[in-house]
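Working notes, beginning with the structure itself.
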């Protein structure tokens, strides 16, 4: 419950909606409660009028009385419709304010959450799965919203309807009221319990549903194994078992779910039967009228939903509270990598001289060092290449430069400043980064390339695309730069995607360019073209290139060979070839590969 | 990860479209109820009774008022009250029984459909899975089937129940007073119109809302995944702005929906209050003429409020029907197409095999054969070779040479376009698929593990396999030490976080799996990725153990395998370029020699470098 207190300021913020909304709720409920009174008046007036009518039996006045009465009735009927309209009008306003306000709060909450997510460091995204974050930003926020709006609305309406209806009923006959309301607490309680059971069982059902889904997914992903061991029949049986279990969960749920309406029906019906029974006795005793019975019948029905909703509201609040706790867990996570007291805001521009000094990096809980004792210097404007086998620590090394991660020990410096003292915005503006895993947004090719720049001219866009050897491809696309990538548009080839990410980094014209195995999906010819374009900027830009292909790195000013997180060799291409060892092996192997390809 | 993306990809283009009513489709859905027809008949009968029990209550109240309360007959009132209570109780009970019964019928029918769909998908050949995204198939077997579920469980029976209820309400009203009945029913078209107007508006609004929710979700999905890119490219502000836009459209869609709901609920009570007003006015006037009693008036007040519910239910059910039909169309579309490989009508018996394999001029492509007679993209071009029982044959070649295809064809995952593949002198197409595959063991490079225990992954759920045999196989392979180190041993869930197995361990499990099934003919795709020296030794032993006494066809990545093979097949661009033993081929100084130097020779060198690397580090 405490978790929900954090939402209180939102009520205040949207008081211009909540206050009128709650007033409308009250108004609507009061007009609603007036209707049965009019019904009673009409019914009770009938015998009296009939009596009066009979008194004037045979006189001219009888016709007039008839007309009078019939007009009177019409008027009464008009009052009923009028009250109904008034109640309806306010109930319309009630939803348009309170429920709408809950949507505004949902909107604010979700914006705040996304804003917060944008500040969190990669570690957070390793700890929380994408699915989890999305569930929290959708389902959990929705559950909280139901508490903020609908729950408050229902409870207000319920209280007003119940209190006014009971007051009116009590004035008429305290005894009958007590009898008629006997089943009501039972209604609220049983709704609460049924709602809880339904919730529990639908969760069990959901779990089994995902088991079934997983089963299908696995069977289809592993279809080759199943087929080669002729396990299809066995898998069918296993699937039937899971399906049967799913059916059982469905029927568990159906058992309580089927009780919903009958419970409402029985308890409300019970109240009505009691009204006719006890009310009938009271009418016989002359304490109340038949009109009162009709009135009570309507009241009892009118109270059904508000009373039942009390049962729902309790579960709504419980769930909202659990959801809010889950949301707070995200809100309370502090970004690890951010500007802080150590930040030197006087650093606004960087030239791009990179230095590593005894840098070591270890993943949380990891025992082995992913990087250890890494020291080197790259003068601004030169090109550094990092080679090594898969898992040697190449990506880790490159991630330290734009502070995707911070070193466990040692220091990474740019222009002599420890990167941790450089304002994050400055640091990242100064780097163009091409990640190993190609990631494009579902947007146009053009927008993907200009992702990291504002107000870019057409000319610059074309130039970046040309340098990434992508311009020709784009011009062949139906809509050129306006072509959508991904699900909604065309499917780019692996190489085209990768070249788009290169263009995205190039267009920033930043002093540092980081390429993390960024040419793996293009052929050697394209690789050469792109590298030539990059080299044209020699002296203007520091380039760090990670590759497992020697051809991509051989012209670098300096090459580092990594193996198991350690620097095994370093030097220029020629020096390393002369030295022999891993670098030379890799080089020879790639020459052979070329020969085989050529066969 | 790959499968989840596929999943969303598979779903995206087929958002539930609007469907029109299709009687033929409905008939086909309903045909799944046939096995339960006596239960369906019972449900109809119960629904019919329940439909009377509701509307009978206002009538009983009328009798109570007119005949007993007004007359002051308390004993008579008690009798009516008893009847009323009985009717109510019975209505409630029947309502419960009915809900459950219809669910029961529906869930059984849907179980039949779901298992049929799954069986059908599983029966399809690998070519089918190459072409169809798995995500789409999962959707068919789960959520599409689920959408039909509502039609089967509530649809038909409930629709009839609500229709009956309307009829009975009308009948009782006419029985009590035809004039008031007509007055009340006059409002009914208005009610129907309001309900269906609302349904139409809201369902188009729901579509909009769903679209916005999907947009919001895919934005979140994309940005949570690509957050480093957003941060590295300083795009936080711009992305925040875009998120706000999407979030705003999402909010607006919901607010629009609220508008219709805000209008609908009051409209319903206004319409029924109009009915109430009319009843009281006309009824009151008639009462003066003694044509209507007070009891009748009270009863009509009840009826005026009662006929709204069945109308609303009907409009809900209509919607369920439509969305069920959209799902049904896709599910039946899948069931109606069967691509499974043709099984011979007169299969060769296969009780144990010798293990002789022969490929005779095999031509194969994964594509459809072009109809215009042009040459397709051949993956294998005239491949011929033979393997004698007990031989170990290694296939080598660069990526894309057609190595895996050879294996796929031997197991008859695909049918060839030209030539013959013979096992023990019989064309594989003349065996029953299950016989053929039962005698061939396949160990793939990328070992697929199913969620569940180690044991389940070894036996693949075959309960006939003795646990002692499992242990023996594991011991023989040398996988016992690592399995016993797992917290739950053989019962360890292999997919559980933190306990995921290394590549080498997965391989060992696959070997143990093959040992358990004890095939005469082993088809193996060796792992390429390097493992540490200790595991390497274990793997080598395991491999020797598995290959012992069997005919083996191996896509070789290890030096020792090619060296010891009885024969090496050198594949290049779909052709068998060279064959012979290791030393023969090396002498030829052709393609094999290059491949050897490229792929295998490094394995020798790697050992040297890694040890020298160690030394230099230690020296430093």
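Chains as they are written, first to last, in the numbering used here: chain A, 27 to 625; chain B, 12 to 631. Glycine included, every Cβ here is placed at the ideal spot set by N, Cα and C. In this text, all values refer to a predicted model and were calculated from it rather than measured experimentally.
Beta carbon of residue i nearer than 9 Å to that of residue j
{"i": "residue 467 (chain A)", "j": "residue 288 (chain B)", "result": "no"}
{"i": "residue 254 (chain A)", "j": "residue 451 (chain B)", "result": "yes"}
{"i": "residue 332 (chain A)", "j": "residue 112 (chain A)", "result": "no"}
{"i": "residue 579 (chain A)", "j": "residue 412 (chain A)", "result": "yes"}
{"i": "residue 149 (chain B)", "j": "residue 242 (chain A)", "result": "yes"}
{"i": "residue 361 (chain B)", "j": "residue 442 (chain B)", "result": "yes"}
{"i": "residue 569 (chain A)", "j": "residue 427 (chain A)", "result": "no"}
{"i": "residue 269 (chain B)", "j": "residue 121 (chain A)", "result": "yes"}
Same chain only: Cβ atoms within 7 Å of residue i, ignoring 5 sequence neighbours per side
{"i": "residue 150 (chain A)", "result": "359"}
{"i": "residue 225 (chain A)", "result": "341"}
{"i": "residue 205 (chain B)", "result": "278, 279 and 282"}
{"i": "residue 139 (chain B)", "result": "350"}
Closer than 9 Å to chain B by CB, residue i
{"i": "residue 136 (chain A)", "result": "yes"}
{"i": "residue 622 (chain A)", "result": "yes"}
{"i": "residue 519 (chain A)", "result": "no"}
{"i": "residue 281 (chain A)", "result": "yes"}
{"i": "residue 258 (chain A)", "result": "yes"}
{"i": "residue 74 (chain A)", "result": "no"}
{"i": "residue 284 (chain A)", "result": "yes"}
{"i": "residue 46 (chain A)", "result": "no"}
{"i": "residue 395 (chain A)", "result": "no"}
{"i": "residue 547 (chain A)", "result": "no"}
{"i": "residue 401 (chain A)", "result": "no"}
{"i": "residue 664 (chain A)", "result": "This structure cannot speak to residue 664 (chain A), because chain A is shown only from 27 to 625."}
Neighbour flag for residue i against chain A, beta carbons, 9 Å
{"i": "residue 218 (chain B)", "result": "no"}
{"i": "residue 194 (chain B)", "result": "no"}
{"i": "residue 184 (chain B)", "result": "no"}
{"i": "residue 449 (chain B)", "result": "yes"}
{"i": "residue 627 (chain B)", "result": "Its pLDDT being 32, under 50, residue 627 (chain B) is placed unreliably by the model, and the measurement read from it follows with that caveat. For residue 627 (chain B), the answer is yes, since a Cβ of chain A falls inside 9 Å of its Cβ."}
{"i": "residue 198 (chain B)", "result": "no"}
{"i": "residue 280 (chain B)", "result": "yes"}
{"i": "residue 498 (chain B)", "result": "no"}
Own chain residues within Cβ distance below 8 Å of residue i, not counting five before or after
{"i": "residue 220 (chain A)", "result": "282, 285, 286, 289 and 337"}
{"i": "residue 375 (chain A)", "result": "452 and 456"}
{"i": "residue 510 (chain B)", "result": "Confidence is the limiting factor: at residue 510 (chain B) the pLDDT is only 48, short of 50, which leaves the residue's position unreliable, though a coordinate-based value still follows. Answer for residue 510 (chain B): 497, 498, 503 and 504, listed in chain order."}
Listed by chain order, chain A residues near residue i by CB distance under 8 Å
{"i": "residue 250 (chain B)", "result": "144"}
{"i": "residue 228 (chain B)", "result": "160 and 164"}
{"i": "residue 604 (chain B)", "result": "What residue 604 (chain B) touches in chain A: nothing, since even the nearest Cβ is about 10 Å away."}
{"i": "residue 235 (chain B)", "result": "143, 151, 156, 159 and 160"}
{"i": "residue 137 (chain B)", "result": "249, 250 and 253"}
Inter-residue CB distance, residue i and residue j (contact presumed, cutoff 8 Å)
{"i": "residue 478 (chain A)", "j": "residue 540 (chain A)", "result": "Rounded, the Cβ-Cβ distance is 13 Å, inconsistent with contact."}
{"i": "residue 329 (chain A)", "j": "residue 188 (chain A)", "result": "6 Å"}
{"i": "residue 576 (chain B)", "j": "residue 593 (chain B)", "result": "7 Å"}
{"i": "residue 174 (chain A)", "j": "residue 117 (chain A)", "result": "Actually they do not touch by this definition, with Cβ atoms about 19 Å apart."}
{"i": "residue 565 (chain B)", "j": "residue 522 (chain B)", "result": "Not quite, the Cβ-Cβ distance comes to about 12 Å (not below 8 Å), so this is no contact."}
{"i": "residue 58 (chain A)", "j": "residue 199 (chain A)", "result": "Between residue 199 (chain A) and residue 58 (chain A) the Cβ distance is about 21 Å, and since that is not below 8 Å, they are no contact."}
Residue i: contacting residues in chain B (beta-carbon distance under 9 Å)
{"i": "residue 122 (chain A)", "result": "266, 269, 270 and 273"}
Within chain A, the residues that residue i reaches when beta carbons sit closer than 9 Å
{"i": "residue 554 (chain B)", "result": "Correct list: empty, because the minimum Cβ distance to chain A is about 18 Å."}
{"i": "residue 334 (chain B)", "result": "In chain order: nothing, as chain A lies at least about 18 Å away."}
Chain-order list of residues whose beta-carbon lies under 6 Å from that of residue i (same chain, five-residue window excluded)
{"i": "residue 183 (chain B)", "result": "66 and 70"}
{"i": "residue 135 (chain A)", "result": "167"}
{"i": "residue 493 (chain A)", "result": "532 and 559"}
Chain A contact residues for residue i, given Cβ-Cβ distances below 7 Å
{"i": "residue 118 (chain B)", "result": "273, 276 and 277"}
{"i": "residue 127 (chain B)", "result": "Here the premise fails: no neighbours, minimum Cβ distance about 10 Å."}
{"i": "residue 480 (chain B)", "result": "Within 7 Å Cβ-Cβ: nothing; residue 480 (chain B) doesn't reach chain A, min ~15 Å."}
Within chain B, partners of residue i - CB distance below 8 Å
{"i": "residue 169 (chain A)", "result": "What residue 169 (chain A) touches in chain B: nothing, since even the nearest Cβ is about 15 Å away."}
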